[in-house]
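K.L.:
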Amino acid sequence: MKYKGARIQVLDLPGIIEGAADGKGRGRQVISTSRTCNLILIVLDSAKPVTHKKIIEGELFSFGIRINQTPPQVRFKRSGKDGGGLNYQEITKQTKGMNIDVARLVLKEYKITSAEIILREDITVDQFIDVVEGNRAYIPVLYVFNKIDQVTVEELEILDQMPNYVPISSSLKWNIEELLEEVWSRCNMMRIYTKPRGQMPDYDEPVILHVDGTPTIEQFCMRLHKSIIDSFSHAFVWGKSAKHQPQRCGRDHVLMDEDIVQICKKVG
């Protein structure tokens, strides 16, 4: 699928049934594929009860996928046998059940006697267990309710109260543009246009970067080719991130969507 100049790979996976996380109906292969995605679209029938939504959420949770969540701000580091026991600190007051005794009980189940724990946000015990496990995938999920042409306005208003959803009608092509825009937004993508010296920018094939963190010119160069950064001298940038047009920038300059970048290499 191509949208805003970006090629977005869409995988159509088989439906997830109850017991999929335990291997029923080849469910483990299906769900393990979804762990590698930037975004999961759960397509549901608007004319049917949403009970299957809970089933899918439960199967994803059982397989270690945390939907529409961010990793807890917790520093957890195991120490050696002579690490000096449990070093537990709370930067933020805990109101959801976490304390040093609970942490000690949880670590005892994993046979961990020495560790450093720093809680930088208010978390639940389940979130702490996820941190200790260390193999959770935090993936955004968008619920796509199809066949909205078969429901009443009142039923659609009830669905509208649900977060993270987009109503569509695939047969009548209703609301497809909004769905594409939601996919673009939740994948946190941005377009950077290249400009060869003395030529017009290439608006047809932008370089796609993810805006998680701070996308810099160095990351842009690495996206093009790893060898470019070795001969990098400076770059000229046009766009929202530039203070003036163009701005001469170094490798640490933070880019913004639809910036134009011209890379200049070292001479000699």
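Each residue of the sequence shown is one higher than the last, beginning at 3 in the numbering used here.
Ideal Cβ positions, reconstructed from N, Cα and C, are used throughout, including at glycine.
Evaluate contact between the region 142 to 154 and the region 42 to 61, counting only Cβ atoms and requiring at least three cross-stretch pairs below 8 Å.
P.N.:
The region 142 to 154 is in contact with the region 42 to 61.
K.L.:
Can you tell me which of G17, G99, D103, K113 puts its alpha carbon nearest to the alpha carbon of L62?
P.N.:
Of the candidates G17, G99, D103, K113, the one whose C-alpha sits nearest the C-alpha of L62 is G17.
K.L.:
Tell me the rounded alpha-carbon separation between V209 and L174.
P.N.:
In a straight line, the C-alpha of V209 is about 33 Å away from that of L174.
K.L.:
Between P198 and H54, what straight-line distance do the alpha-carbon atoms span, to the nearest angstrom?
P.N.:
P198 and H54: Cα-Cα distance of roughly 52 Å.
K.L.:
Does the distance from the C-beta atom of K56 to that of A117 stay below 8 Å?
P.N.:
Not a contact, by the Cβ cut-off of 8 Å.
K.L.:
From the DSSP output, in three-state form, read off L158 for me.
P.N.:
L158 falls in the helix class under three-state DSSP.
K.L.:
CB I125 to CB M164, shorter than 8 Å?
P.N.:
No.
K.L.:
Just the C-alpha distance for E260 and G27, rounded to the nearest angstrom, thanks.
P.N.:
So the alpha carbons of these two residues sit roughly 44 Å apart.
K.L.:
Provide the residue(s) that pair with D47 in DSSP beta bridges, ordered along the chain.
P.N.:
DSSP lists N148 as partners of D47.
K.L.:
Quick one, which of T154, T35, F238, R77 has its alpha-carbon nearest I262's?
P.N.:
Ranking the options by Cα distance to I262, first place goes to F238.
K.L.:
May I ask which residues mark the beginning and end of the beta strand (DSSP E) holding E1?
P.N.:
What is shown of the chain runs 3 to 270, which leaves residue 1 out entirely.
K.L.:
Using only CA atoms, which one of G29, D14, T38 lies nearest to G21?
P.N.:
The shortest Cα separation from G21 among G29, D14, T38 belongs to G29.
K.L.:
F78 lies in the beta strand (DSSP E); which residues open and close that run?
P.N.:
76 to 80 is the span of the beta strand (DSSP E), which, as asked, contains F78.
K.L.:
Taking the beta strand (DSSP E) that I141 belongs to, which residues open and close that run?
P.N.:
I141 -> beta strand (DSSP E) spans 139 to 141.
K.L.:
Would you kindly work out how many angstroms separate the C-alpha atoms of V185 and I230, rounded to a whole number?
P.N.:
About 31 Å.
K.L.:
Short of 7 Å in beta carbon distance, which residues of its chain neighbour Y205, apart from the five on each side in sequence? Order them along the chain.
P.N.:
Excluding sequence neighbours, Y205 sits near Y195.
K.L.:
Where DSSP assigns a beta bridge to V239, which residues make up the other side?
P.N.:
Per DSSP, Q249, V263.
K.L.:
When you compare each of C266, K4, Q31 to G200 by their alpha carbons, which one comes out closest?
P.N.:
Closest option to G200, Cα to Cα, is C266.
K.L.:
Taking C-beta to C-beta, are L226 and P217 nearer than 8 Å?
P.N.:
Their beta carbons are not under 8 Å apart, which means L226 does not touch P217 by this criterion.
K.L.:
How about V127 and V104: do their beta carbons lie closer than 8 Å?
P.N.:
Yes. Within cutoff.
K.L.:
Helix, strand or coil for F130? Go by DSSP, reduced to three states.
P.N.:
In the structure shown, F130 sits in a helix (DSSP, three-state: H, G or I).
K.L.:
Report all residues from its chain with a CB closer than 7 Å to the CB of R188; omit the five preceding and five following residues, and keep chain order.
P.N.:
Closer than 7 Å at Cβ, skipping near neighbours: L41, P142, L144.
K.L.:
Ends of the alpha helix (DSSP H) at T35?
P.N.:
Segment 29 to 36, the alpha helix (DSSP H) holding T35.
K.L.:
Report, in whole angstroms, the separation of the C-beta atoms of V134 and L161, which I expect to be a contact under 8 Å.
P.N.:
In fact, because the Cβ distance is near 37 Å, the residues do not count as touching under 8 Å.
K.L.:
Check whether the Cβ atoms of R138 and G66 sit closer than 8 Å, and answer yes or no.
P.N.:
In contact: R138 and G66 (Cβ atoms closer than 8 Å).
K.L.:
Please classify R193 as buried or exposed, where buried requires at least 16 other C-beta atoms within 10 Å of its C-beta.
P.N.:
Result: buried.
K.L.:
So, with DSSP's three-state summary, where would you put T72?
P.N.:
Three-state result, T72: coil.
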